[in-house]
Amino acid sequence: MPLAYLNGQYVDRATAAVSVDDRGFLFGDGVYEVTRARGGRLFEGERHAARLRRSMADLGLALPQGVTVESLNDVAVKLLAENGLAGEALVYFQVTRGVAPRTHQFPAAGTPATVYVSVGAFTPPDSYRTRGVTCVTYPDIRWLRCDLKVVNLLPNVLAKQEAVTKGAYEAIFVRDGVVTEGASTNVFAVVDGEVRTHPKSNLILPGITRDVLVELARAEGIAVREEPMRLEDLQRAPELFLTSTMNDVMPIVSLDGRPVGDGRPGRVTNRLAEIFAAHLESVCSMRAVPA
9 MPLAYLNGQY VDRATAAVSV DDRGFLFGDG VYEVTRARGG RLFEGERHAA RLRRSMADLG
69 LALPQGVTVE SLNDVAVKLL AENGLAGEAL VYFQVTRGVA PRTHQFPAAG TPATVYVSVG
129 AFTPPDSYRT RGVTCVTYPD IRWLRCDLKV VNLLPNVLAK QEAVTKGAYE AIFVRDGVVT
189 EGASTNVFAV VDGEVRTHPK SNLILPGITR DVLVELARAE GIAVREEPMR LEDLQRAPEL
249 FLTSTMNDVM PIVSLDGRPV GDGRPGRVTN RLAEIFAAHL ESVCSMRAVP A
């Protein structure tokens, strides 16, 4: 049976359980991270660790004594090995405020956090990348701390379901006419030969793939501008694409039923996908995080 890690113990994932009084279950009071792995190695594990650390700090969450974000990366590497995941995989980390009587305020000091780590095989969506995907727009009705990777994702769930209902791959959030991000992705456009994306702020999640791609593009001499884009900017852009841990660089070929450009993945998008794939291969061929 696949192994997972729960509160300091390695357990069968199928039988792992948390209390119905856990604040993650009752309030969505917790944070999470999803990290790519290949060959038993974490991709950009340090960046994911930093984002998890920041989300926890901003919510006043603390790991149990003796547990660190770095040690959880070690747990992830061990789980990959124990579960025989030597190829493509995803690692999931979740930390909630723990088990306590149901009150809206924080529980008593000393209440231990619930800490969970699991791994699973992953098949990259390469066939989608080759032909591109369709997207729909959706009102951004989320709270104003979208920069925190919290487990309370109901607005994202509703947006994603809207996309699925309309036969689309992803929903793109629009707030007051400004494009923010996707339900589980960051959004980019190529406008007048320049790559554009929403700047990091409280309105978007600072995606790891997003940040890496911006750095790689600039190193390649491709202009990138981080500033808010209006919906009409997206509608006239000849190229659009998504980024995320599970998508890498994903071309968009249709938005709200209308073709993007000539309806095929664009030249800049394809080049960025190649650059990112090479970086992923390079990072994951390095020495693994110590177990």
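Counted the way my numbering counts, the sequence shown spans residues 9 to 299.
Glycine included, each C-beta is placed from N, C-alpha and C at the ideal position.
Note that the coordinates shown come from a computational prediction; the quantities given were computed from them, not determined experimentally.
L162, buried or exposed, once every other Cβ within 10 Å from all chains shown has been counted against 16: Exposed: under 16 other Cβ atoms inside 10 Å.
Beta-carbon separation (whole angstroms), F101 vs Y40, contact threshold 8 Å: 6 Å
Completely contained beta strand (DSSP E) runs for the segment 77 to 110, where each covers 3 or more residues: 96 to 104
Alpha carbon of T173 to alpha carbon of N210, nearest angstrom: 29 Å
Residue nearest to D264 in terms of C-alpha spacing, selected from T253, A171, L280: Comparing Cα positions, the closest option is A171.
Helix, strand or coil at P147 according to DSSP, with G and I counted as helix: strand
Reduced DSSP secondary structure (H/G/I, E/B, other) of Y177: coil
Inter-stretch contact (C-beta, 8 Å, three-pair minimum) for the segment 217 to 227 and the segment 107 to 123: no
Reduced DSSP category for G344 - H, G, I as helix; E, B as strand; rest coil: Any property of residue 344 remains undetermined from this structure, which presents the chain solely from 9 to 299.
Residues of its chain near M9, where Cβ-Cβ distance is below 6 Å and the 5 sequence neighbours each way are ignored: D20, A22
Residues near S192 by beta carbon distance below 8 Å, same chain, minus five either side: Listed in chain order, the non-local C-beta contacts of S192 below 8 Å within the same chain comprise N164, K168, E178, S252, M254, local neighbours out to five positions each way being set aside.
Residue span of the beta strand (DSSP E) that contains E41, given as start and end: 38 to 46
C-alpha distance - E247 paired with K157, whole-angstrom precision: Going by the C-alpha atoms only, they are around 28 Å apart.
CB of N194 within 8 Å of CB of V123, strictly: no
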